[in-house]
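Protein chains: 2
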Amino acid sequence: MTPRIDALQYANWSEKIFRQMRAGGVDAVHVTITYHENFRETVLNIEAWNRWFERHPDLIFQGFTADDIDLARNTKRTAIFLGSQNPSCIEDDIGLVEVLHRLGLRFMQLTYNNQSLLASGCYEADDTGLTRMGREVVTEMNRVGMVIDMSHSGERSTLDAIAYSTRPIAITHANPASWHPALRNKSDRVLRALAESGGMLGFSVYPHHLRGGGSCSLDEFCRMVAETAEKMGIEHIGIGTDLCQDQPDSVVDWMRAGRWTKARDYGEGSADNPGFPPMPDWFRDNRDFGQIESGLCAVGFSPEEIGAVMGGNWARFFRQSFGAAERPDQEVAQ
Amino acid sequence: MTPRIDALQYANWSEKIFRQMRAGGVDAVHVTITYHENFRETVLNIEAWNRWFERHPDLIFQGFTADDIDLARNTKRTAIFLGSQNPSCIEDDIGLVEVLHRLGLRFMQLTYNNQSLLASGCYEADDTGLTRMGREVVTEMNRVGMVIDMSHSGERSTLDAIAYSTRPIAITHANPASWHPALRNKSDRVLRALAESGGMLGFSVYPHHLRGGGSCSLDEFCRMVAETAEKMGIEHIGIGTDLCQDQPDSVVDWMRAGRWTKARDYGEGSADNPGFPPMPDWFRDNRDFGQIESGLCAVGFSPEEIGAVMGGNWARFFRQSFGAAERPDQEVAQ
Chain P
1 MTPRIDALQY
11 ANWSEKIFRQ
21 MRAGGVDAVH
31 VTITYHENFR
41 ETVLNIEAWN
51 RWFERHPDLI
61 FQGFTADDID
71 LARNTKRTAI
81 FLGSQNPSCI
91 EDDIGLVEVL
101 HRLGLRFMQL
111 TYNNQSLLAS
121 GCYEADDTGL
131 TRMGREVVTE
141 MNRVGMVIDM
151 SHSGERSTLD
161 AIAYSTRPIA
171 ITHANPASWH
181 PALRNKSDRV
191 LRALAESGGM
201 LGFSVYPHHL
211 RGGGSCSLDE
221 FCRMVAETAE
231 KMGIEHIGIG
241 TDLCQDQPDS
251 VVDWMRAGRW
261 TKARDYGEGS
271 ADNPGFPPMP
281 DWFRDNRDFG
291 QIESGLCAVG
301 FSPEEIGAVM
311 GGNWARFFRQ
321 SFGAAERPDQ
331 EVAQ
Chain W
1 MTPRIDALQY
11 ANWSEKIFRQ
21 MRAGGVDAVH
31 VTITYHENFR
41 ETVLNIEAWN
51 RWFERHPDLI
61 FQGFTADDID
71 LARNTKRTAI
81 FLGSQNPSCI
91 EDDIGLVEVL
101 HRLGLRFMQL
111 TYNNQSLLAS
121 GCYEADDTGL
131 TRMGREVVTE
141 MNRVGMVIDM
151 SHSGERSTLD
161 AIAYSTRPIA
171 ITHANPASWH
181 PALRNKSDRV
191 LRALAESGGM
201 LGFSVYPHHL
211 RGGGSCSLDE
221 FCRMVAETAE
231 KMGIEHIGIG
241 TDLCQDQPDS
251 VVDWMRAGRW
261 TKARDYGEGS
271 ADNPGFPPMP
281 DWFRDNRDFG
291 QIESGLCAVG
301 FSPEEIGAVM
311 GGNWARFFRQ
321 SFGAAERPDQ
331 EVAQ
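Order-wise, the sequence lines are chains P and W.
All residue numbers for the first sequence refer to full-length UniProt numbering, where the first residue is 1 and numbers rise by one.
All residue numbers for the second sequence refer to full-length UniProt numbering, where the first residue is 1 and numbers rise by one.
Given below as structure tokens:
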């Protein structure tokens with residue numbers, strides 16, 4: 001059987017949620033550990049994760065390599081892979097890429113919604129593409145084996161990253177803009193370039209990324225997956241739910257406004273709808289991955305295709321992506 | 001053949017020195033990367049080491065486990081294991097023990113010469129023994145597999161650490177005080193307790209730790225090794241040269257005075273002799289490990305005993321010490 005993998009969650013972690021991961025048969029999750037936090041603050045977040053790992057070794061452990069997906073499956077636990085949704089964690093210091101990779105950071109977005117030192121977020125009016133430091137950091141991420149994630153980046157920056165990176169990149173949590181024209185969803189041009197370069201798209205079930213929001217039906221969602229499979233190829237798609245379970249609304253304020261503004265930023269929400277939106281009834285939490293599988297079956301995916309979408313593709317991508325770039329003359333520790 | 005291991009160096013690193021390690025057939029070195037640096041500054045030092053590893057993969061690589069000693073030997077390189085001579089790097093945050101272990105820190109002294117948050121240095125008038133935080137940090141170092149090094153600590157603190165630690169500890173660079181009564185050398189009581197608990201002593205060739213300083217003869221040094229072998233057992237001794245090659249005297253000022261005083265502290269030196277002392281002529285640098293071997297042979301050690309002292313004992317100790325404490329129900333990543 002292929003593993004079940006979620007390529008993006010940012011929940012208010014608790015034993016309850018870890019037990020729901022097990023109930024949902026989730027073998028691996030890429031979790032966001034940091035947004036606007038600087039390096040030291042990010043390390044504090046890693047320390048907090050270390051305490052979760054120490055407290056619940058029967059439910060979760062930190063994933064470092066793709067082999068940990070198998071270990072999770074064989075020991076009935078969930079491998080937790082760490083990632084960042086913004087490059088604040090490397091500050092202005094490229095040496096922190098390798099340091100954070102050593103600590104287990106396996107994904108880093110080059111931007112959240114704003115301009116970063118590396119590239120432009122999807123809310124900026126002008127998109128610089130990769131900056132001077134952005135190109136250097138992409139090269140360094142390629143070298144050590146940290147995945148470039150462009151989920152929140154602007155169109156030009158994303159195309160730049162796909163072209164400049166020597167290894168496939170990911171958009172861990174977004175949907176096609178042609179299906180639902182949210183600023184965070186991705187153009188067909190981006191999705192095609194992503195697929196052609198061997199990259200991966202994770203489908204989001206975050207309501208702002210869904211046609212009709214939280215009332216989007218499972219059938220609509222799964223038909224969108226099928227259309228995207230036609231467009232990108234079945235091997236380039238997976239799930240990245242963007243599940244923000246049990247978070248208070250203060251957290252979405254932090255995600256959107258960090259420390260870059262004294263005002264409030266509504267991001268994908270609005271003054272009328274400032275908080276976390278309610279989830280679709282067919283995906284409440286980690287226990288509902290089976291619903292997505294059933295939905296994919298109902299719209300005509302084969303069992304093999306469902307396995308690929310629900311985790312097989314991410315497992316392959318993790319295996320290609322998390323190790324150091326090959327150097328013929330030596331072994332390189334993970 | 002047994003490996004050749006040096007349990008303490010703090011040189012002004014250069015390609016020249018790495019080539020001398022190879023010329024001296026040194027398979028593994030524990031290098032000091034930090035004294036009074038805080039966490040972020042220590043990470044900058046790790047970043048600097050990462051650049052050395054990237055620039056000279058044919059000469060050196062970072063060691064994480066005892067297997068890396070064999071890898072070094074088989075690929076004719078030197079495995080570099082990182083350590084700290086003071087707990088400034090963990091600040092007041094016990095969570096940084098695991099974080100720094102993940103980054104490869106394999107040794108940490110609970111103190112340099114002064115009182116730390118954890119214990120007392122050998123220059124303090126009153127020795128508190130392990131503090132409240134000291135006991136917690138020893139437990140955490142035991143858990144993750146970071147060696148407690150008491151080379152610079154006071155007598156009571158050292159005996160406390162030996163007794164409290166559930167895993168053997170090390171004194172990586174010091175000699176018996178009964179041979180040369182320097183403040184940094186260790187009493188027979190400490191050396192016996194160290195050996196009885198399975199710990200290791202690394203003999204220093206730093207002139208202030210030698211009878212007669214830099215003019216101590218190889219024969220005198222090797223007779224001291226033989227006497228200590230009688231006292232502690234041959235399996236508890238190794239080499240920890242404390243080689244500070246090519247360092248400017250400003251560095252010994254930093255080691256001694258850090259940021260804790262505005263005055264100058266002479267440590268083991270004096271106003272007349274404030275800088276690094278000249279090394280004995282039989283140990284200029286890494287190329288001279290063969291001289292120590294010859295000296296040990298001349299005072300009657302067998303080839304097997306020489307192998308144990310020159311690296312075999314440290315190799316065994318590294319293997320026992322660097323992994324997480326065993327938990328029966330799971331695998332724990334290194």
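Glycine residues also receive a C-beta, built at the ideal position from the N, C-alpha and C atoms.
For ARG102(W), the closest Cβ of chain P is nearer than 8 Å. For a Cβ distance threshold of 9 Å, residue set VAL43, ILE46, GLU47, ASN50, LEU103 of chain W lies close to VAL99(P), ordered along the chain.
Of all residues in the stretch 81-92 of chain P, none has a C-beta nearer than 7 Å to a C-beta of chain W. Nearest Cα to PHE18(W) within the set VAL205(W), ILE162(W), GLN245(W): GLN245(W). Within chain W, no residue has its beta carbon less than 7 Å from that of ARG316(P); the closest one is some 21 Å off. Here PRO207(P) really is in contact with PRO278(P); their C-beta atoms are around 7 Å apart, less than 8 Å.
Membership of ILE69(P) in the alpha helix (DSSP H) is indicated by the continuous run 67-75. Using a Cβ-Cβ distance cut-off of 8 Å, the stretch 22-38 of chain W and the stretch 308-320 of chain P are not in contact, since fewer than three pairs of beta carbons, one from each stretch, lie closer than that value. Burial of ASP288(W) is indicated by the presence of at least 16 other C-beta atoms within 10 angstroms of its C-beta. In the DSSP assignment, PHE61(P) falls within the beta strand (DSSP E) that extends over 60-62. If you look at GLN291(W), you'll find it in the alpha helix (DSSP H) that goes 289-298. Interface flag for PHE39(P) against chain W is set, since a Cβ pair is found closer than 8 Å.
Burial check for THR228(P): the Cβ neighbour count within 10 Å reaches 16 or more, so the residue is buried.
If you look at MET21(W), you'll find it in the alpha helix (DSSP H) that goes 15-23. Between the C-alpha atoms of ASP272(W) and ALA257(W) there is a straight-line separation of about 17 Å. A direct Cα-to-Cα measurement between GLU230(W) and PHE61(W) gives close to 36 Å. For THR75(W), the closest alpha carbon among the candidates PHE81(W), GLY63(W), ASP58(W), ASN86(W) is that of ASP58(W). For VAL147(P), the enclosing beta strand (DSSP E) has its first and last residue at 147-149. Close partners of GLY198(P) in chain W (Cβ separation under 9 Å) are lacking, with about 26 Å as the shortest Cβ gap. With contacts defined by Cβ atoms closer than 8 Å, LEU118(W) and LEU105(W) do not form a contacting pair. GLN85(P) sits close to THR32(P), with the two beta carbons spaced by under 8 Å. Within chain W, the residues whose beta carbon sits less than 7 Å from that of GLY95(P) are GLU47, ASN50, listed in sequence order. Comparing alpha-carbon positions, the option among CYS216(W), MET224(W), PHE64(W) lying closest to LEU296(W) turns out to be MET224(W).
For the stretch 83-153 of chain P, the full-length alpha helix (DSSP H) segments reaching 4 residues or more read 95-102, 132-144 along the chain.
Partner residues in the beta bridge of MET200(W), as assigned by DSSP, are ALA170(W). Taking all protein chains in view, the Cβ of ALA182(P) is crowded by 16 or more other Cβ atoms within 10 Å, so the residue is classified as buried. Boundaries of the beta strand (DSSP E) around GLN9(W): 5-9.
CA-CA distance, ASP188(P) to ALA177(P), rounds to 7 Å. Between the alpha carbons of ASP70(P) and PRO3(P) lies a distance of about 8 Å.
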